[in-house]
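Numbering follows numbering that gives the first Met the number 0, with no gaps: position 41 of the sequence shown is 40.
Ideal Cβ placement from N, Cα and C applies to all residues, glycine included.
Here the structure is a predicted model, which is why all the values come from computation and not from measurement.
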Amino acid sequence: MGFRESPHNQPMEFVHLLGLHTLVEYVGGNREVLARADALEPILLTAVEICGATYVDHRINQFSPYGASGVILIAESHMSFHSWPEHNYMALDLFTCSSTMDPTEAIDYIAEKIEAQTFHTRVLQRGY
């Protein structure tokens, strides 16, 4: 799986930096937690509070037989996630247009609560 090469896939120099998009790969998490939307929901809602975001609304879907996906709308943009308990893995995106919001503690909190063995982050600048 991959993206085809495109002349549009070029590094950007921003005149207007509008936000940061943090991508997190949680590896080796607790399969029981990752399998259930009702276990993940309070963890992610608390993470929103920890990073200082302003909660707006959320929707989380439980898949059968296991796994969950969801989005939490925040005034500063959004947090979304997808869990694959069969791989002990969860992907999380946190996009924020706030220059004062720091997601580091929230990312660490989620790692602790889902019992991830490790996690990797990538931060993308968003704007034009």
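Between Phe118 and Tyr54, the C-beta spacing is not below 8 Å.
DSSP places Ile71 inside the beta strand (DSSP E), whose first and last residues are 67 to 73. Annotation for Gly69: Ala36, Leu39, Glu40, Leu43, His57, Arg58, Ile59, Asn60, Ser79, Phe80 place their beta carbon closer than 8 Å to its own, counting only its chain and skipping 5 residues before and after. Residue range 54 to 61 is occupied by the beta strand (DSSP E) that includes Ile59.
Between Leu33 and Ile109, the beta carbon gap of about 11 Å keeps them out of contact (Cβ cut-off 8 Å).
For a cut-off of 8 Å, the C-beta gap from Arg30 to Pro102 is around 25 Å, too long to register as a contact.
In the DSSP assignment, Arg125 falls within the beta strand (DSSP E) that extends over 117 to 126. Sequence-distant Cβ neighbours of Leu16 in its own chain, meaning closer than 8 Å and more than five residues away, are Gln124, Arg125, Gly126.
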